[in-house]
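In the UniProt record's numbering, the protein residues as written are 1 to 276.
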């Protein structure tokens with residue numbers, strides 16, 4: 001119990017510190033570009049049109065909403081982190097028991113990864129409603145709405161307008177991304193643990209599209225300007241979202257917050273503050 005409390009406190013602190021970064025990343029993921037590209041130079045000194053990075057984007061938000069504006073959606077995200085940590089810990093306790101495989105063996109890795117997968121999946125499913133509310137609180141910045149203003153009010157809003165299923169918008173690609181990332185990391189760590197290679201990099205590179213699609217589906221057609229035409233496309237299913245992003249070459253949108261280049265073949269539309 002003490003370990004779980006410690007994890008909650010530590011996790012909450014890290015969540016608060018990292019929240020502005022997640023906020024900006026989400027706005028970029030949904031395609032919101034409030035600042036036009038500027039002419040700059042890349043690492044090789046060549047002139048290129050660059051999009052605003054993390055700090056420029058943060059200054060823009062602060063200019064409009066003040067410093068507190070960087071923490072929109074923090075409440076439901078803290079709820080998700082706290083509940084998720086407790087659920088994850090409890091599930092691992094239930095799944096614990098005697099080890100039948102030798103530590104370091106492939107069978108041991110498979111057994112431990114399976115337990116972790118189940119624990120993470122349970123935590124993700126239970127906390128996904130708070131994740132959806134977090135994303136919608138953030139995306140309100142685009143249309144300057146106040147539809148989602150608190151955890152309890154937001155829960156009522158989602159239930160009233162979309163029913164129970166509204167709380168699980170974007171869940172499937174998120175689960176798939178988490179599971180793939182976990183297995184890739186653990187299996188790579190087992191296979192190449194004698195080399196100085198960061199296996200998490202490969203996992204992130206391969207599974208980021210699932211994160212992107214999940215976040216887009218969480219705000220898709222939810223009544224906010226950021227999830228509706230003309231600011232965003234409306235998708236019937238997450239598979240349609242995936243296909244559209246893939247076709248447009250946007251599967252890595254928001255993956256980097258620094259050295260962001262102008263998308264090839266895209267035109268910046270000032271009124272809608274995005275690229276087409």
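Ideal placement from N, C-alpha and C gives every residue a C-beta, glycine not left out.
- Counting C-beta pairs closer than 8 Å gives three or more between the segment 122-132 and the segment 152-167, which meets the contact rule.
- Cβ neighbours of residue 231 within its own chain (closer than 7 Å, five residues either side excluded): 142, 225, 272 and 274.
- Under the three-pair Cβ rule at 8 Å, the segment 141-160 does not count as touching the segment 235-244.
- Under the 10 Å beta carbon count, residue 42 is surrounded by fewer than 16 other beta carbons and is classified as exposed.
- Relative to residue 124, the option among 48, 145, 27 and 174 whose CA is nearest is 174.
- Cβ-Cβ separation between residue 178 and residue 120: approximately 6 Å, consistent with a contact (criterion under 8 Å).
- Looking at the DSSP output, residue 49 bridges to 39.
- Going by DSSP, residue 87 is part of the alpha helix (DSSP H) stretching over 74-95.
- Residue environment: residue 33 is assigned as buried (16 or more neighbouring CB atoms within 10 Å of its CB, all protein chains considered).
- Remark: fewer than three beta-carbon pairs, one from each stretch, lie closer than 8 Å, so the segment 51-64 and the segment 241-253 are not flagged as touching.
- Inclusion of residue 218 and residue 135 in the CB contact set at 8 Å is warranted, their separation being smaller than that value.
- In the structure shown, residue 235 adopts coil according to DSSP, grouped into three states.
- Taking a contact as a CB-CB distance under 8 Å, the pair residue 118 and residue 91 counts as one, their CB atoms being some 6 Å apart.
- Counting other Cβ atoms within 10 Å of its Cβ, residue 259 stays below 16 and is therefore classed as exposed.
- The beta carbon of residue 229 sits closer than 6 Å to none of the beta carbons in its chain outside the five residues before and after it.
- Counted as a single uninterrupted DSSP element, the alpha helix (DSSP H) harbouring residue 190 occupies residues 171-191.
- For residue 107, the enclosing alpha helix (DSSP H) starts and ends at 106-143.
- In this structure, residue 186 lies near residue 113, with their beta-carbon atoms less than 8 Å apart.
- Residue 207 counts as buried, since at least 16 other C-beta atoms from the protein chains shown sit within 10 angstroms of its C-beta.
- Going by C-alpha positions, residue 39 is about 7 Å away from residue 47.
- Between residue 138 and residue 72, the beta carbon gap of about 6 Å places them in contact (Cβ cut-off 8 Å).
- Checking the DSSP bridge columns, you'll see residue 210 has no partner listed.
- In summary, residue 227 is buried, with 16 or more beta-carbon neighbours lying within 10 Å of its beta-carbon over all protein chains present.
- If the five residues before and after residue 213 are omitted, its C-beta is found closer than 6 Å to the C-beta atoms of 173, 238, 241 and 242, all from its own chain and listed in chain order.
- Spatial neighbours of residue 78 in its own chain (CB-CB distance under 7 Å, excluding positions within 5 residues in sequence) are listed in chain order as 12 and 15.
- Residue 262 sits close to residue 49, with the two beta carbons spaced by under 8 Å.
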